[in-house]
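Here's the structure, in C-alpha cells; my notes come after.
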Amino acid sequence: MNISVFIRGVLVTAEKNMMIYYNKPPVLIFGLLFPMFLFLAFFMGRGIDIHEFFPAFLAMVLFFTSSSVGPLITPWEKQSGTYERLLSFPVTINTIIMGDVLAGAIFGLFISSSVLIAVTLFLDTAFKSISLLLVSLLLGTFCFAALGVLIAAPASKTPSNIMMLSSLVRFPLVFISGIFIPLTELSNAGKYLALLSPLTYLVDIFHFSIGGTPSVPQYIDILALSAYTCIFLYVASYFHKKNLSKGL
Amino acid sequence: MAVIEASNLTKRYGDAVAIDDLTLSVGRGEVFGFLGPNGAGKTTAVRILTGLLKPDSGTVLIGGMDIAKDPIKAKMKVGMLPETGNVYVDLTPKQNLSLTGKYYGLSKDTIRKRSDELLSELGLYERSNDLVKTFSKGMKQRVSIACAIIHEPSILFLDEPTSGLDVQSRRLIIQIIADMNERGCTIFLTTHDIEEANKLCNRVCMINKGKIVAMDTPENLRYTFEDTRSLEVAFDKEISRDLFNSKFISRMDRQGNKWRFYTIDIDSTIRYIVTMVENKGIKINSMTTYGPSLEEVFVRLTGVIEK
C-alpha cells in the first residue's frame, strides 16, 4: 500500500474522531471523571504525600484518558450506520485502527500533559529524566489507546456494552499495577500479577523519571510497553477484521 | 469495455449461501440495475463488489484492478452510497464533505469548490453549516449522495438511494444520477423500485437467493413471459374471484377497488369478462389494458407472489 495514502487515511480518521468523539459523554465520564474521583477517593483525608503519589496518579490519568476514546468509536459508528461508509473510503481496517489509536493517544497526551504541566507549576517537582518521561508519556498513550481500540473489537453495535467491557478490563488493571499499593508492598502472587499488566511498567518508569524508586530497569519498562503496544495493535487488527461483517 | 467484472463470486454465512456463483460485467458509462427481493443477496453482492467484504471464492475487477489485491486504488475510482450509509450527524454537511474529500486526497480548494457546487445543486447550501442531526431523512440522504460523488468517481454504487424519500429528494437524487451518467460515470444501482430501474437503467440484473435469475435490457426482460400483459377492471359491485375461471387468465389480483387480470390474450379475456359480468348483472365502471411489465417479470422470476 502507498504509505502516503495510508498516513493520509490515518490522519483524516483521527481528525474525524477528534471532531466527533472527544466530547461524547462516555469519553468524558470514563476518561476524565473516573480517574479524578479515584484520585480524590484515595488521596483526600489520608495524609498521603502528593509528590510520592504523583507518578502513579499521572500514570492513572494517562491510562484512563488514552483508553477512553477507542472503545467508543467502532460501536458508535456501527450503531449510527456510518461504519459502512467509512469502510467504503480508500482505507483499510488497519488505517481505521491506526486513526482510532492516534485520536485516543492525542486525547491522552493532551490531558496527561496538562496535568503534568499544572503539577509542575504548582508543586516543586524534581525530574530525574525529562526525556525518559516524555518518551514514556508518548509510548504509554499509544499503548493504552491501542488497548482501547482492542476493547472495541467485539461485534457489538451497542456502545454501552463495550464501555462496560472497557470498565471490566481497565479497573482491575488499575488495582494490580502499583498505583494505589506500591509493587514492593504487594504479596508474591500480587507481584507476578502486576508484571502481567502493561500499566505497571508505565507507573514504574514514571516513578524513575519523577524522582521515585523504580522496581525494574527502565529498558525493561520501555520494552514491555513497546511489546504490549504491538500485541494490542496486532490482536485489535485481527479481531476487527474478523468481526467486520457482523457489525455492518 | 467492462469497468466492473465479477467472476464466480460465492459468499456463505455458516450454512446459508448469500451469493452463489455470481458472474456479471458492467460496461463503461452503463446504468446497471441490480434488483432482487429482500434477502436475495443484493447488499452482500454490493459489499463484495466494493471491497467491503471478501468473497469465499471468485474475483472482482474494478477498472481492471483486482479489488482484493489493491483495494485502495480500486476504491479511489469508486463512489458509494451504502444501504446504511449514514453521514455523521454530529457534523455539518460541509464538514462531512470536507472529511470525505480529504479521504480521497482532494485539495482544500477543490473540496470547497465541489462542496459549494453540490450543496447548491442539492438545495442544501443555506443549511451547509447546520448540524446534520437537525435534517430530515431526505436531506440526510442528499448529504450522503454528495459525499459519494465529491471526488467525481468514474463508478458509482448506489444501494437503495431513493428508498423512503420524499418526492423532492427523490427527484433531486435521480437527477444527480442522470447527470453523473451523462458525464460518463458508470452507475451500479441496487433498488427495490422496479419502475425506477425501468426508467434509469440500460440493463437490469435480477437476483434471487444469491443467484442471477435474469440479466438483460428492461425492454427485453418485459417479454420474458408471454402472459405479462394485463387488464385492469373496476366493477360496480363486489365480485368473487371464483366468478372467473378461464384458460386465458393466468392470474388475477385485487388492487383496491379494481381487479387486475394477467393474460396472454387480451382480446379473448375482454370478451370473456364482459360475457361473465353481463350474465350476473354487474356493470363495468372502467377497463384499462397494460403491456408487459417489468414488475410482473420480477415477481415471476423471484417467486415473490405465487400464482
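First to last, the sequence lines map onto chains A and B. Throughout the first sequence, residue numbering follows my numbering, covering 64 to 311 in sequence. Throughout the second sequence, residue numbering follows my numbering, covering 509 to 815 in sequence. Heads up, the beta-carbon is just placed ideally off N, CA and C, and yes, glycines get one too. Remember, predicted model here, so these are calculated numbers, not experimental data.
query, result
"Should the region 204–211 of chain A be regarded as contacting the region 166–176 of chain A, the criterion being three or more beta carbon pairs within less than 8 Å?", "yes"
"Buried or exposed for residue 293 of chain A, please, with buried defined as at least 16 other CB atoms from any protein chain shown within 10 angstroms of its CB.", "exposed"
"To which residues of the same chain is residue 512 of chain B closer than 8 Å at the C-beta, ignoring the five residues directly before and after it?", "532, 533, 534, 540, 557, 568, 569, 570, 663, 694 and 696"
"Would you say residue 274 of chain A and residue 166 of chain A are within 8 Å of each other, going by their C-beta atoms?", "no"
"Do residue 778 of chain B and residue 745 of chain B come within 8 Å of each other at the CB atom, strictly closer than that value?", "no"
"Determine the direct distance from the alpha carbon of residue 195 of chain A to that of residue 98 of chain A, and round the result to whole angstroms.", "24 Å"
"Below 8 Å on the Cβ atoms is my guess for residue 614 of chain B versus residue 654 of chain B; work out the distance and round it to an integer in Å.", "That belief does not hold up - the Cβ atoms of residue 614 of chain B and residue 654 of chain B are roughly 13 Å apart, past 8 Å."
"Residues in the same chain with beta-carbon distance under 8 Å from residue 765 of chain B, minus the five sequence neighbours each way, listed in chain order, please.", "742"
"Taking buried to mean at least 16 other C-beta atoms within 10 Å of its own C-beta, is residue 749 of chain B buried or exposed?", "exposed"
"Do residue 133 of chain A and residue 214 of chain A count as a contact pair if the criterion is CB distance below 8 Å?", "yes"
"To which residues of the same chain is residue 658 of chain B closer than 6 Å at the C-beta, ignoring the five residues directly before and after it?", "605, 608, 609 and 622"
"In the region 78–91 of chain A, which residues sit with their C-beta less than 8 Å from some C-beta in chain B, listed in chain order?", "78, 79, 82 and 83"
"Can you confirm whether residue 580 of chain B, when its beta carbon is compared against all beta carbons of chain A, has any partner nearer than 8 Å?", "yes"
"Can you tell which of B:575, B:591 and B:577 has the C-alpha that lies nearest to the C-alpha of residue 549 of chain B?", "B:591"
"If we ignore side chains and look at the alpha-carbon of each, how far apart do residue 120 of chain A and residue 641 of chain B end up?", "39 Å"
"Which full runs of the beta strand (DSSP E) of 3+ residues lie inside the region 576–609 of chain B, going along the chain?", "586–589"
"Give me the Cα-Cα distance between residue 815 of chain B and residue 523 of chain B, rounded to the nearest whole angstrom.", "Residue placement at residue 815 of chain B cannot be trusted, given a pLDDT of 38 that sits under 50; the coordinates are not used to answer."
"Report the residues of the region 130–156 of chain A with a CB closer than 8 Å to any CB of chain B, ordered along the chain.", "143, 144, 145, 147, 148, 150, 151, 152, 153, 154 and 155"
"Would you say residue 164 of chain A faces chain B, with C-beta separation under 8 Å as the test?", "no"
"Buried or exposed: which applies to residue 813 of chain B, given that a residue is buried once 16 or more other Cβ atoms fall within 10 Å of its Cβ?", "With a pLDDT of only 47 at residue 813 of chain B, under the threshold of 50, the placement of this residue in the model should not be trusted; the figure read from the coordinates follows. Residue 813 of chain B comes out exposed."
"Quick one: what's got a C-beta closer than 7 Å to residue 818 of chain B's C-beta in the same chain, skipping five residues either side?", "For chain B, the structure presents residues 509 to 815; residue 818 of chain B sits outside this window and is missing."
"Quick one: is residue 758 of chain B buried, meaning 16 or more other Cβ sit within 10 Å of its Cβ, or exposed?", "buried"
"If you follow the beta strand (DSSP E) that residue 769 of chain B is in, where does it begin and where does it stop?", "766–771"
"What first and last residue would you give for the alpha helix (DSSP H) that runs through residue 650 of chain B?", "645–657"
"Using a C-beta cutoff of 8 Å, does residue 561 of chain B count as contacting chain A?", "yes"
"So does the region 128–147 of chain A actually touch the region 278–289 of chain A, counting three or more Cβ pairs closer than 8 Å?", "no"
"Indicate whether at least one CB of chain A lies closer than 8 Å to the CB of residue 573 of chain B.", "no"
"Can you pull the DSSP bridge partners for residue 123 of chain A?", "Paired residue(s): none; residue 123 of chain A is not in a bridge."
"Counting only the same chain and skipping the five closest in sequence on each side, list residues whose C-beta sits under 7 Å from that of residue 515 of chain B.", "531, 566 and 567"
"In chain order, what residues of the same chain lie with their CB nearer than 6 Å to the CB of residue 164 of chain A, ignoring the 5 residues before and after it?", "208, 209 and 212"
"Among B:780, B:794 and B:701, which has the Cα closest to the Cα of residue 788 of chain B?", "B:780"
"Just by C-beta distance, which residues in the region 606–618 of chain B are closer than 9 Å to chain A?", "607, 608, 610, 611, 612 and 613"
"Where does residue 109 of chain A land, buried or exposed, given buried means 16+ other C-beta within 10 angstroms?", "exposed"
"If you follow the beta strand (DSSP E) that residue 511 of chain B is in, where does it begin and where does it stop?", "510–521"
"From A:78, A:268, A:154 and A:235, pick the residue whose C-alpha is nearest to that of residue 68 of chain A; which is it?", "A:154"
"Report the three-state DSSP secondary structure of residue 109 of chain A (helix, strand or coil).", "coil"
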